[in-house]
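full-length UniProt numbering puts the sequence shown at residues 1 to 424. Let me begin by presenting the structure, written as structure tokens, before commenting on it.
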Amino acid sequence: MAPRDAYAYNTLPSAAIYDEGAPPSEEKKELVINDRAYDVTAFIKRHPGGKIIAYQVGTDATDAYKQFHVRSKKADKVLKSLPSRPLRAGYEPRRAALLADFAEFTRQLEAEGKFEPSPRHVAYRLAEVVAMHVAGAALIWHGYTLAGIAMLGVVQGRCGWLMHEGGHYSLTGNISIDRAIQVAVYGLGCGMSGAWWRNQHNKHHATPQKLKHDVDLDTLPLVAFHERVAARVKSPLMKSWLKMQATLFAPVTTLLVALGWQVYLHPRHMLRTGHYDELSMLAIRYGVVGYLAANYGAAHTLCCYLLYVSLGSMYIFCNFAVSHTHLPIVEADQHATWVEYSANHTTNCAPSWWCDWWMSYLNYQIEHHLFPSMPQFRHPTIAPRVKALFEKHGLHYDVRGYFEAMADTFMNLDKVGNAHEHNH
1 MAPRDAYAYN TLPSAAIYDE GAPPSEEKKE LVINDRAYDV TAFIKRHPGG
51 KIIAYQVGTD ATDAYKQFHV RSKKADKVLK SLPSRPLRAG YEPRRAALLA
101 DFAEFTRQLE AEGKFEPSPR HVAYRLAEVV AMHVAGAALI WHGYTLAGIA
151 MLGVVQGRCG WLMHEGGHYS LTGNISIDRA IQVAVYGLGC GMSGAWWRNQ
201 HNKHHATPQK LKHDVDLDTL PLVAFHERVA ARVKSPLMKS WLKMQATLFA
251 PVTTLLVALG WQVYLHPRHM LRTGHYDELS MLAIRYGVVG YLAANYGAAH
301 TLCCYLLYVS LGSMYIFCNF AVSHTHLPIV EADQHATWVE YSANHTTNCA
351 PSWWCDWWMS YLNYQIEHHL FPSMPQFRHP TIAPRVKALF EKHGLHYDVR
401 GYFEAMADTF MNLDKVGNAH EHNH
């Protein structure tokens, strides 16, 4: 089995060797797409997707551009309007062969309809979260309070999975409809902002596990997933917290993150950016909470709400953590190709009927990072071919059992939290 570093990463400004003209300029803020260098200096601030475009400056961004804009008809028109010059990116032979095979593989999947949405699947996913909310409420109504809260906690996590797919536009394939689904499901079901999530999560997809780029590594002061991140901590109090982070992560840290998002970070983003549709979802959600408090007592309602949010946050954040956080990092001044980011910095959890449901097909994390706009229920159908592609080119197709991956995640938390002791 090939080691993860089988393809050594290049230092910026480029991961490629350019055969014509000068490499893409970082001072001029150029990036390469389909053998043309585009000057995005003036475009960065008005890029609809936010600052994520800055992560591709100085690189061959062909695959990132294609995978992020599968559903956008406007993107190509905007791209053609930007100043550009011919510039062909050339790679060493084995990397060039990998990218050529990946491009052909992508064309095959498009021809086979693997990116096409399934209205039946979307209807099932929406019906599931509605039915689980009704079931949870019914259990509480009939006196089974803890069982009802457990049901609602799980469906809060299920709303997280569903909004995630809406944010990637892989539900209906219609950007406006998928955004509306995300706003409703995330706002009503989780009390959070889809717009904030899209902006942050796409940065993670562009450069997973890359220092100073991947927001999933920028998690202080509550948690640190890598020793380089933990090394920034100077406060003795924070060091003590990190020392206990493996124990605190599931029951405490995830709840603090969720509450911080619900109470402060996401409402602030909605107000600053004028996302009043999202604010209306919060008004409905907390209107229900207020009604319950008025009829069943504020203290009782608050305790039940905290338990409900705690269960949901443990479910969603622990399952997100297993896919990346314990894997190697990319240095801030290095660049990997799109395929290498997926191969070296994501891991799958072994498929089974229950794991596929429990993680809503995000146990196929490698496939999801290769093709973020593909409906996730199609990932099992392409996984064997992805594995064959990796094996052909000496890349590691990392699959771990669910509980093995979870154990790796918590062992990494413990190792990172105690790293400062080992370094003295």
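Where a beta carbon is used, it is the ideal one built from N, C-alpha and C, also for glycine.
Note: Glu30 is bridge-paired with Asp39 in the DSSP secondary-structure output.
With respect to the C-alpha of Leu31, the residue from Pro86, Arg71, Lys77 having the closest C-alpha is Pro86. The three-state secondary structure of Ala89, taken from DSSP, is strand.
Apart from sequence neighbours up to five positions away, no residue of its chain approaches Cys303 with a beta-carbon distance below 8 Å. Taking 7 Å as the cut-off, the beta carbon of Lys28 is found closer than this to the beta carbon of Asp39. Ranked by Cα distance from Gln67, the options Val339, Met192, Ala383 are led by Val339.
Boundaries of the alpha helix (DSSP H) around Arg268: 266-273. Asp333 sits exposed, since fewer than 16 C-beta atoms from the chains shown fall within 10 Å of its C-beta.
Boundaries for Phe377: no alpha helix (DSSP H) harbours it, and the DSSP string shows neither H nor E there. The distance from the Cβ of Asp408 to that of His345 is about 14 Å, inconsistent with a contact at the 8 Å cut-off. The segment 120-173 is shown to contain whole alpha helix (DSSP H) runs of 4 or more residues at 145-167, in chain order. From the listed residues Pro351, Trp358, Lys392, Ala405, the smallest Cα separation to Thr381 is found for Pro351. Rounded to the nearest whole angstrom, the CA to CA distance from Val78 to Lys45 is 14 Å. Burial check for Asn319: the Cβ neighbour count within 10 Å reaches 16 or more, so the residue is buried. DSSP lists Arg400 as the bridge partner or partners of Cys349. For Ser323, the secondary structure class from DSSP, reduced to helix, strand or coil, is coil. Around the CB of Pro208, 16 or more other CB atoms lie within 10 Å, so the residue is classed as buried. Within the model, the alpha-carbon separation for Met238 versus Lys415 is close to 16 Å. In the DSSP annotation of this structure, the continuous segment of the alpha helix (DSSP H) that includes Gln365 starts and ends at 365-370.
Residue Thr172 holds the alpha-carbon nearest to the alpha-carbon of His121 among Ala135, Thr253, Thr172. Counting C-beta pairs with one atom in each stretch, the segment 375-395 and the segment 126-139 have fewer than three that are closer than 8 Å, which means they do not touch. When the five nearest sequence neighbours on each side are left out, the beta carbons in the same chain lying within less than 7 Å of the beta carbon of Glu128 are those of Arg158, in order along the chain. Scanning its chain for C-beta atoms nearer than 7 Å, with the 5 sequence neighbours on each side dropped, one finds around Ala64 the residues Gln56, Ala206, Trp338, in chain order. Under DSSP, the beta-bridge partners assigned to Val330 are Lys210. Asp60 sits in a strand when the DSSP states are folded into three classes.
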